[in-house]
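Engineer:
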Amino acid sequence: MAKLKLGIAKLNTSDLIFYCLSVESSMNGNAHFPDPSPTLAEIAVKREKLEALDIKSSDGDRIAIANRNTVTDELKNMLRKLSLYVSFMAEGDANVILTSGFDIRKEANETAPLQRPESLMAKRTDYGGMVKLKWKPVVNSVSNHVEMTTTDPNDQNSEWATVGITSKSKINIGNLTPGTYYWFRVKAYGRRHESPFSDPALIMAA
Numbered sequence: 140m141a142k143l144k145l146g147i148a149k150l151n152t153s154d155l156i157f158y159c160l161s162v163e164s165s166m167n168g169n170a171h172f173p174d175p176s177p178t179l180a181e182i183a184v185k186r187e188k189l190e191a192l193d194i195k196s197s198d199g200d201r202i203a204i205a206n207r208n209t210v211t212d213e214l215k216n217m218l219r220k221l222s223l224y225v226s227f228m229a230e231g232d233a234n235v236i237l238t239s240g241f242d243i244r245k246e247a248n249e250t251a252p253l254q255r256p257e258s259l260m261a262k263r264t265d266y267g268g269m270v271k272l273k274w275k276p277v278v279n280s281v282s283n284h285v286e287m288t289t290t291d292p293n294d295q296n297s298e299w300a301t302v303g304i305t306s307k308s309k310i311n312i313g314n315l316t317p318g319t320y321y322w323f324r325v326k327a328y329g330r331r332h333e334s335p336f337s338d339p340a341l342i343m344a345a
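My numbering numbers the first residue of the sequence shown as 140 and each following residue consecutively.
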């Protein structure tokens, strides 16, 4: 029986926002989760409030920082409650859990190492600020974690942020800034092992 892995305790504000967006996108219209609690609308309102406070606190305003930290804790608590709902509805089905955008805990029953994802491609979509990523499926993987950066990966100071988790070998990433270059990479996770990262794919958002 698979168990949901939340993994938000150490996420910074930007990573938490991207994580939340991934869950919102995955659960929106998902037949496995017809009546989420908290609702996706409630989570979106809290996430948008956090986005605004994150921008406002960027100049070091102490009150804005304190408010941002408070809203961060509130959003994390909402995601914890939502994860309980997902676990209840999924009844231990790993595939169902993964469709929610949440991850699953690793189990100690897999022995074969995972190959790294190959042929990662990034393409623009018909929607502004959104790109589609696609790669070859990795045998024995149960989820794929997608990371993004806006700085050249060859730079030692390049920082990557998780922007999506999916059980499929493709994903749409939105809320990108037109005219900005983005690098993406993918790591596959199995029951016990994880793969090396894929080669990065570069694209300019439109």
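For every residue, glycine included, the Cβ atom is placed at its ideal position computed from N, Cα and C. It should be emphasised that the depicted structure is a prediction, and the values quoted were computed from it without experimental measurement.
Which residues mark the beginning and the end of the alpha helix (DSSP H) in which phenylalanine 157 is found?
Structural biologist: Segment 152-166, the alpha helix (DSSP H) holding phenylalanine 157.
Engineer: For the structure I just gave you, are there three or more beta carbon pairs, one from the segment 310-324 and one from the segment 219-238, closer than 8 Å?
Structural biologist: Judged by Cβ distances under 8 Å, the segment 310-324 makes no contact with the segment 219-238, as fewer than three pairs qualify.
Engineer: Bridge partners for aspartate 294 per DSSP, in chain order?
Structural biologist: Bridge partners of aspartate 294: none, in fact.
Engineer: Where does the unbroken beta strand (DSSP E) through serine 282 begin, and where does it stop?
Structural biologist: Its beta strand (DSSP E) spans residues 282-288.
Engineer: Which residue marks the beginning of the alpha helix (DSSP H) containing threonine 238, and which one marks its end?
Structural biologist: Start and end: 233-238.
Engineer: Flag this pair as touching only if the segment 188-195 and the segment 205-217 have three or more C-beta atom pairs under 8 Å; answer yes or no.
Structural biologist: Verdict: yes, contact present.
Engineer: Can you give the Cα-Cα distance for glutamate 286 and glycine 303, rounded to whole angstroms?
Structural biologist: Their backbone Cα atoms lie some 7 Å apart in a straight line.
Engineer: Leaving out five residues before and five after leucine 179 in sequence, what residues of the same chain have Cβ atoms less than 8 Å from its Cβ?
Structural biologist: Excluding sequence neighbours, leucine 179 sits near Glu163, Met166 and Asn167.
Engineer: Does the beta-carbon of serine 280 have 16 or more other beta-carbons within 10 angstroms, so that it is buried, or is it exposed?
Structural biologist: When all chains shown are included, serine 280 counts as buried.
Engineer: Would aspartate 193 be called buried (16 or more neighbouring beta carbons within 10 Å of its own) or exposed?
Structural biologist: Classification for aspartate 193: buried.
Engineer: Between alanine 229 and aspartate 200, what straight-line distance do the alpha-carbon atoms span, to the nearest angstrom?
Structural biologist: Taking the straight line from one Cα to the other gives about 42 Å.
Engineer: Suppose the cutoff is 7 Å on Cβ atoms and the five residues either side in sequence are ignored; what does the same chain contact list for isoleucine 147 look like?
Structural biologist: Excluding residues within five positions, the ones whose Cβ falls inside 7 Å are Leu155, Tyr158, Lys215 and Leu218.
Engineer: Here's a check: name, in chain order, each residue in its chain whose Cβ is nearer than 8 Å to the Cβ of glutamate 298, leaving out the five neighbours to either side.
Structural biologist: Here the set comprises Thr288 and Thr290.
Engineer: Classify isoleucine 202 as buried or exposed, calling it buried when 16 or more other Cβ atoms lie within 10 Å of its own Cβ.
Structural biologist: Exposed, by the Cβ-count rule.
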